[in-house]
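Same order as they appear, the protein sequences are chains A and B. The opening residue of the first sequence carries number 52 in this note's numbering; numbering runs sequentially from there. The opening residue of the second sequence carries number 2 in this note's numbering; numbering runs sequentially from there. Written out below as C-alpha cells is the structure these notes cover.
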Amino acid sequence: SQTIHQWPATLVQPVGSPLSLECTVEGTSNPNLYWYRQAAGRGLQLLFYSVGIGQISSEVPQNLSASRPQDRQFILSSKKLLLSDSGFYLCAWSGGVGGNQPQHFGDGTRLSIL
Amino acid sequence: QKEVEQDPGPLSVPEGAIVSLNCTYSNSAFQYFMWYRQYSRKGPELLMYTYSSGNKEDGRFTAQVDKSSKYISLFIRDSQPSDSATYLCAMSYNNNDMRFGAGTRLTVKP
C-alpha cells in the first residue's frame with residue numbers, strides 16, 4: 052500500500068532563517084505531488100504541484116519554492132522566512148496515470164515563525 | 002462568491018444521531034467530489050470519492066451529489082464520538098485543480 056511521510060511534524064524558526072520541509076511517498080511510481088498550506092478556518096491553499104522529476108508548477112507568488120529531485124521526493128524551501136509563512140503545511144500525492152485520482156495527504160508540518 | 006462554500010459550524014450532536022454535512026459550489030465544470038476527515042493536528046484523510054451525480058455508500062457514510070443544484074452532502078449514520086473531527090469537502094475537474102471547502106467542525110457527544 053502507498054504511504055506518505057512528512058517531516059518534521061513541528062518546527063519553530065526565527066524570521067529570516069531558511070526552511071526545508073521534506074515529503075516522500077512509498078508504494079507508487081510517478082505520482083503527482085502537491086504542497087498545500089492550511090490556515091485556520093480557511094481551507095487548503097495549493098502552493099505547488101509536480102507531475103514529474105524537476106517539473107514544478109507554482110500556484111501563488113510567494114516567499115517559498117519547491118523542488119522534486121527524485122520521483123517520490125518533494126521539498127518545500129525558503130531562503131528567508133517571513134512571519135506570514137507561519138501555518139500548517141501539507142504534502143499530498145495522487146496517481147499520475149489514468150485520469151482523475153483523489154489526493155492523499157501526509158500528516159503535515161506545523162511551522163511557527165518567531 | 003467563493004467557489005466552494007461550506008458552513009464551518011461548529012456542529013454538536015449526541016452519539017447515535019444522523020449527521021448531515023453540506024457544501025455548495027459555483028463551478029459547473031466540477032466532475033469529481035470528495036469528502037475528507039481531518040483530526041486535530043493531522044492531515045486530511047479521504048473518506049468518500051464520487052464522480053458526477055448520484056449516491057455512494059460506505060458503511061455508516063453516504064455521499065450525495067446533485068450537480069443540477071451544485072450541492073453535495075455527506076451523511077453519517079449512528080454517529081460515534083470517534084467521528085468528532087473537521088470534515089472537508091473538495092471537488093475538481095482534473096488532477097491538479099482541486100478546490101476545498103473551509104471545513105465543518107463536528108463534535109459527537111457521548
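All C-beta atoms in this analysis are idealised placements derived from N, C-alpha and C, irrespective of residue type, glycine included.
Exposure of residue i, with buried meaning 16 or more beta-carbon neighbours within 10 Å
i	result
I19/B	exposed
V76/A	buried
D136/A	buried
R42/B	exposed
I55/A	buried
V63/A	exposed
L132/A	buried
P111/B	exposed
S83/A	A small correction: the amino acid at residue 83/A is Asn; Ser does not occupy that position in the sequence shown. Classification for N83/A: buried.
Q89/A	buried
W58/A	exposed
S108/A	exposed
L134/A	exposed
P45/B	buried
A91/A	exposed
G55/B	exposed
G104/B	buried
C-alpha distance - residue i paired with residue j, whole-angstrom precision
i	j	result
P71/A	R93/A	Reading off the sequence, residue 71/A comes out as Ser, not Pro. Roughly 24 Å separates the two Cα atoms.
A30/B	D79/B	34 Å
T1/B	Q7/B	Chain B is shown only over 2 to 111; residue 1/B falls outside these bounds and no answer can be derived.
A159/A	A60/A	The sequence shown places Gly at residue 159/A, rather than the Ala named in the question. Answer to the nearest angstrom: the Cα atoms are 6 Å apart.
H155/A	S163/A	24 Å
R38/B	G102/B	12 Å
Y72/B	V66/A	43 Å
Y40/B	G157/A	12 Å
G78/A	R123/A	9 Å
V102/A	F125/A	11 Å
T63/B	Y52/B	14 Å
N151/A	Y50/B	11 Å
L165/A	E58/B	46 Å
P69/A	S93/B	33 Å
A86/B	Y100/A	27 Å
Y87/A	F34/B	19 Å
L95/A	Y85/A	11 Å
L105/A	Q121/A	Going by the sequence as given, residue 105/A is Gly instead of Leu. The straight-line gap from Cα to Cα measures roughly 8 Å.
Beta strand (DSSP E) segment containing residue i, residue limits
i	result
S52/A	Here S52/A belongs to no beta strand (DSSP E), and DSSP marks it neither H nor E.
L153/A	The identity of residue 153/A in the sequence shown is Pro, whereas the question assumes Leu. Where P153/A is concerned, there is no enclosing beta strand (DSSP E), given that its DSSP letter is neither H nor E.
K130/A	Element bounds for K130/A: n/a, residue is neither H nor E.
N83/A	83-89
A117/A	116-121
A143/A	138-145
F99/A	95-103
K110/B	105-110
I107/A	106-109
beta-carbon residue i near the ligand MN non-hydrogen atom, thresh 7 Å
i	result
V63/A	This structure does not include the ligand MN; it has no bound ligands of any sort.
Cutoff 8 Å: residue i Cβ touching any chain E Cβ
i	result
N56/B	You won't find chain E in this structure, because its protein chains are A and B.
With three or more beta-carbon pairs closer than 8 Å as the criterion, would you say the region 10-19 of chain B touches the region 49-68 of chain B? no
Segments assigned beta strand (DSSP E), at least 3 residues, entirely inside the region 59-88 of chain B: 62-67, 72-77
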